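A quick write-up on the structure given underneath.
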Amino acid sequence: MAQVQGQTVAIPGQLLGPSNKYRAGPGTHIHDANLYSSLLGTISITQPEKTPGPAKRMHRIAALNNAPTTPSSANTSISSLPTISVSPVGGGSSSAAEQQDKREVLPEVGNVVLCRVTRITPREATVAILVVGDAVLAAQWQGVVRVQDVRATEKDRVKIYESFRPGDIVRAQVISLGDQANYYLSTANNELGVIMATSEAGNTMFPVSWKEYKDPETGLSESRKVAKPF
Numbered sequence: 285m286a287q288v289q290g291q292t293v294a295i296p297g298q299l300l301g302p303s304n305k306y307r308a309g310p311g312t313h314i315h316d317a318n319l320y321s322s323l324l325g326t327i328s329i330t331q332p333e334k335t336p337g338p339a340k341r342m343h344r345i346a347a348l349n350n351a352p353t354t355p356s357s358a359n360t361s362i363s364s365l366p367t368i369s370v371s372p373v374g375g376g377s378s379s380a381a382e383q384q385d386k387r388e389v390l391p392e393v394g395n396v397v398l399c400r401v402t403r404i405t406p407r408e409a410t411v412a413i414l415v416v417g418d419a420v421l422a423a424q425w426q427g428v429v430r431v432q433d434v435r436a437t438e439k440d441r442v443k444i445y446e447s448f449r450p451g452d453i454v455r456a457q458v459i460s461l462g463d464q465a466n467y468y469l470s471t472a473n474n475e476l477g478v479i480m481a482t483s484e485a486g487n488t489m490f491p492v493s494w495k496e497y498k499d500p501e502t503g504l505s506e507s508r509k510v511a512k513p514f
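Offset between the sequence shown (1-based) and my numbering: plus 284.
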């Protein structure tokens, strides 16, 4: 079943739909006959172009039910499917239509947001808020995740550098409008935390536990406050 109806934003690993309903476009990949998002970005679906000219006249009245599918017929079937793609959030090459789709939305208390970590200190992680709900922001807003707001338990044992690194994509919740410079965010929930991380070697990692990501190339693990997948 398709997962993109009514949604405009995808996160890495999100199910987009079956491969027999969509063609894989940029920013997506196929796994076990399903299409998944490969990155954080906006979802777009492009309908196939109609072939000009009259349709070919069919000479055969009935085909055998067990006739094998030829490569040409399979390619024709695939080419008739709409293409689904995911464009990176914050890319500099956004089209005018994509820019128009971005809405002026202000984060409010209780909103779930997607953000990118820009800086960390022992007391907090500074982030740029990219998405509020399903709205991609035209302008990025700055927020902070304070050390006491990273986890719901064992707050005195939390270390920011073991929870976030610059460049991480984080799912968080707005808990306060904060001061004039920052929104206060929290990841103190199982569904909140890092959803996409890059290793020190520059490779995209995958989560292996609630507090650890692993680099598939080097085999090394790094500590993170990992968000529970949907």
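No residue lacks a Cβ here, since even glycine has one placed at the ideal position from N, Cα and C. Since the model is a prediction, treat every value here as computed from it, not as a measurement.
Test: residue i CB closer than 8 Å to a CB of chain B
i, result
"Pro366", "Looking at the structure shown, chain B is missing, and only one protein chain is on hand."
Nonlocal neighbours in the same chain, by C-beta distance under 8 Å from residue i, ignoring five residues either side
i, result
"Gly462", "Gly427, Val428, Tyr468"
"Asn466", "Thr410, Gln426, Gly427, Val428"
"Glu438", "none"
"Arg430", "Arg407, Glu408, Tyr468"
Buried or exposed (CB count within 10 angstroms, at least 16 for buried), residue i
i, result
"Gln457", "buried"
"Ile295", "buried"
"Met285", "Any reading at Met285 needs caution, since the residue's pLDDT is 38, under 50, leaving its predicted position unreliable; the model's value is listed next. By the neighbour-count rule (16 or more Cβ atoms within 10 Å), Met285 is not buried but exposed."
"Glu501", "exposed"
"Pro471", "Looking at the sequence provided, one finds Thr at residue 471 rather than Pro. Looking at its Cβ environment, which holds 16 or more other Cβ atoms inside 10 Å, Thr471 is buried."
"Pro513", "exposed"
"Val393", "exposed"
"Ser493", "exposed"
"Ser377", "Below a pLDDT of 50, predicted positions are generally treated as unreliable, and Ser377, at 48, falls in that range; no measurement from the model is reported."
"Asp499", "buried"
"Pro391", "buried"
CB contact flag (residue i, residue j, <8 Å)
i, j, result
"Leu418", "Val293", "Per the sequence shown, residue 418 should be read as Asp rather than Leu. Yes, they are a contact pair."
"Leu414", "Cys399", "yes"
"Pro372", "Gly325", "yes"
"Met489", "Glu506", "yes"
"Pro491", "Ile444", "no"
"Ala481", "Tyr497", "yes"
"Leu323", "Gly311", "yes"
"Phe448", "Ala412", "no"
"Asp452", "Val397", "no"
"Ser321", "Gln298", "yes"
"Pro450", "Ile479", "no"
"Asn395", "Val416", "yes"
"Ala436", "Asn487", "no"
Range covered by the beta strand (DSSP E) that runs through residue i
i, result
"Lys498", "496–498"
"Arg407", "Segment: none, Arg407 is in no beta strand (DSSP E) and carries neither H nor E."
"Ala479", "According to the sequence displayed, residue 479 carries Ile and not Ala. Counting along the chain, the beta strand (DSSP E) containing Ile479 begins and ends at 477–480."
"Glu506", "505–507"
"Asn395", "Element bounds for Asn395: n/a, residue is neither H nor E."
"Val492", "490–493"
"Tyr320", "318–321"
"Val510", "Neither: Val510 is in no beta strand (DSSP E) and is coded neither H nor E."
"Gly325", "325–330"
"Leu300", "299–302"
Close beta carbons around residue i, own chain, < 6 Å, minus the five adjacent residues each side
i, result
"Gly477", "Thr471, Lys509, Val510, Ala511"
"Ala308", "Ile314, Leu319"
"Thr367", "Arg307, Gly309, Thr330"
"Leu446", "The amino acid at residue 446 is misidentified as Leu; the sequence shows Glu. Within the same chain, Glu446 has close Cβ partners Ser507."
"Val434", "Val442, Ser447, Thr471, Lys509"
"Ile459", "Tyr468, Ser470"
"Ser303", "Ile314, Ala317, Leu319"
"Ala423", "none"
"Gln517", "Here the chain covers residues 285 to 514 and nothing more, so residue 517 does not appear."
Cutoff 7 Å; reference residue i; Cβ partners in own chain excluding five residues on either side
i, result
"Val235", "Because the chain is modelled from 285 through 514, residue 235 falls outside the range shown and cannot be assessed."
Task: Residue ranges of each alpha helix (DSSP H) within the stretch 404–479, 4 or longer - done: Listed in chain order, there is nothing to give.
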